[in-house]
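Participant: Take the sequence shown: its letters are residues 1 to 172, numbered as in our numbering. Heads up, the beta-carbon is just placed ideally off N, CA and C, and yes, glycines get one too.
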Amino acid sequence: AYYYQQLSNHNFDESVSAYTPILTKILSEKESIAIYQALRFAARNFAEEKTFIDFVISLSDSTDANIRRVVPYAVQYIRTDDTEPLAQMMFKLIEDEDKDVRKEAVLYCYKLKDDRFVPVLKEILLDEAQADLHTNAGDALCRMWYNYPAHDSHSEAAYEATMEYFKAAFED
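#1: Quick one: residues in its chain with C-beta nearer than 7 Å to the C-beta of residue 157, no 5 flanking neighbours on either side, listed in chain order?
#2: List the endpoints of the continuous alpha helix (DSSP H) containing residue 160.
#3: Using 8 Å as the threshold, is the C-beta distance between residue 110 and residue 143 below it?
#4: For residue 107 and residue 140, I'd like the C-alpha separation in whole angstroms.
#5: Does the distance from the C-beta atom of residue 77 to that of residue 43 stay below 8 Å?
#6: Straight-line CA distance for residue 84 to residue 102?
#7: Keeping to the same chain, check which residues put their C-beta closer than 7 Å to that of residue 71; ignore five residues upstream and five downstream.
#8: Could you check whether residue 23 and residue 41 sit closer than 8 Å to each other, using their CB atoms as the reference points?
#9: With DSSP run on the structure shown, which of helix, strand or coil describes residue 100?
#10: Whole angstroms is fine: what's the gap from residue 39's alpha carbon to residue 163's?
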């Protein structure tokens with residue numbers, strides 16, 4: 001785990017193929033703390049590798065909540081044209097039994113730039129029983145329509161949901 005933690009402080013500038021042995025080791029990890037640290041490193045360095053993306057998706061079924069919690073973090077770095085498997089995984093994690101897993105999934109779902117998350121986030125914001133998720137849901141909505149400093153998201157639906165939430169808050 002320490003090895004992966006140290007690696008997580010670095011982004012490799014060279015070809016990812018030069019680091020195939022590291023990816024191979026990550027894919028074979030069994031210890032939850034090592035997987036947790038490895039994902040934090042690998043997400044930034046193997047974000048386009050299909051093998052890694054499939055590995056991340058498979059970890060969403062882990063019985064260990066600590067592993068499931070780091071999966072949404074990894075999603076923010078993944079770059080692929082086929083986001084549907086990731087979206088389905090994130091929808092599942094938003095409903096996870098563990099509150100910390102839910103918090104992370106709610107926060108990082110914006111990275112998929114998928115308006116199907118807007119009603120889910122809006123529902124969370126309007127439900128007082130899910131108050132522990134409100135900050136992350138509001139942040140995700142804002143990032144879907146105004147992702148500072150990248151400004152790479154412009155979801156009209158997310159903007160409307162955010163304004164609706166603010167209006168409801170002022171009316172109460």
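Facilitator: In short:
#1: 115, 118
#2: 156-171
#3: yes
#4: 5 Å
#5: yes
#6: 19 Å
#7: 56, 59, 60, 93
#8: no
#9: helix
#10: 35 Å
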